[in-house]
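Worksheet: the structure to be examined is printed underneath.
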Amino acid sequence: MKSKYDVLVIGGGPAGALAAKTAVEKGLSALIVEKRPAIGAPVRCAEGIGKEALQEFIDPDPRWISADMAGAGIVAPDGFFMRLSSAMAGNKVGYILDRKVFDRELVWKASEAGADVAVKSRASAPIMEDGVVKGAKIEYCGKVSSVKAQVVIAADGVESKFSKWCGIDTTVPVREIMSSVQYVMTDIDIDPGATIFYLGNEVAPEGYLWVFPKGKRSANVGIGISGRKSGTGHRAKDYLDRFVQKTFPNGKTIEYIPGGVSVCRPLACTVGDGLLIAGDAARVVDPLTGGGIYNAMYTGKLAAEVAADCIGKGDLSK
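Under this note's numbering, the residue at position 257 of the sequence shown is numbered 325, and the numbers go up by one with no gaps.
So, in structure tokens, the structure goes:
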């Protein structure tokens, strides 16, 4: 990790990886800093993405594709089941990823293109000069160093703090956060070629429950409900547990994944002097589905393109 780069990317998820890769492809130096000790972990995602959406950025690879979906199904509140063909399902038909491997692949590609990567490295404060973002203080194992950059791209996820430290209000009202829980389950009877969505306030109030296959007898089984509907006995986990006990009584849970998903509108402003915001930090998750992988990659790439253009013109102002 050097002390100065053209572009400093905060966050090593899909948005950050695409931002760094695009930046170096534009001839810029770039550094990704990721606060966690490993890229891609922990997973907080249902892991589904449309085929065309994925192929816009990367060629599919069986190493990080858990399942290839041929259709989708919707279970209505009254129990009516509607099967959707691939043509009808649109972007609900696609791949179920292995995000741990997928996210690392994206960062590896950024690194191979020339970007530097620092894990277990937390951006603890912006470096500001006359109101302009000029880099960040980076904390690693108790040691703090300064990394200067012409442009900082904040791709630090739904819990983004960096942009707020730079003066941009990124607060999400509780009513616009979906409370989510997912179990990775095995030894369950499923349709391995279809994503299934369950709707209704008895199942998932103001949200939905999903079964995303990860193999012939394994799946991501999860739920997202409105934060304002969550309470004692009515938490996302309570609804999911009742569903699992009824639908997969003999299934085994091998991983428990809690989290929150912002379903608010995108930030009104995703730029500042010397700063760009991308991915979940910019609140670009699809508010209807809670999906955000494609939007993260798209905005990460776009942010780097804008950064390259601004650096080339010598104008880094908002």
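We treat Cβ as the ideally placed atom computed from N, Cα and C, and that holds for glycine.
All values derive from a computational prediction rather than experimental measurement.
For the candidate residues Ser-179, Lys-314, Gly-139, whose alpha-carbon lies nearest to that of Val-289? Lys-314
Asp-171, DSSP secondary structure in three states: helix
Which residues bound the beta strand (DSSP E) around Val-77? Taken as a continuous stretch (DSSP letters only), the beta strand (DSSP E) holding Val-77 covers 72–78.
Could you give the residue range of the alpha helix (DSSP H) that holds Phe-47? This structure does not reach residue 47, given that the chain is present from 69 up to 386, and the question cannot be answered.
Residues that DSSP places opposite Asn-288 in a beta bridge: Val-252, Phe-280
Is it true that the CB of Ala-346 sits closer than 9 Å to the CB of Gly-368? yes
For the segment 291–298 and the segment 234–250, state whether three or more C-beta atom pairs, one from each stretch, are separated by less than 8 Å. Segments in contact, yes.
On the three-state DSSP scale, how would you describe Met-246? strand
I'd like the list of long-range same chain contacts for Lys-89, defined as Cβ closer than 7 Å, with 5 residues on each side in sequence excluded. Lys-177, Ala-178, Ala-181, Ala-183
Can you list, in chain order, the residues of its chain with a C-beta nearer than 6 Å to that of Glu-173? Leave out the 5 residues immediately preceding and following it. These residues qualify, in order along the chain: Trp-132.
If you draw a straight line from the C-alpha of Ala-287 to the C-alpha of Gly-235, how long is it? Each residue's Cα considered, the two are about 41 Å apart.
Own chain, CB closer than 7 Å to Val-358, minus 5 neighbours either side, in chain order: Correcting the residue type first, residue 358 is Gly in the shown sequence and not Val. Excluding residues up to 5 positions away in sequence, Met-246, Gly-292, Val-329, Val-331 lie with their Cβ nearer than 7 Å to the Cβ of Gly-358 in the same chain.
By alpha-carbon positions, which one of Val-271, Pro-105, Lys-282 ends up nearest to Ala-262? Lys-282
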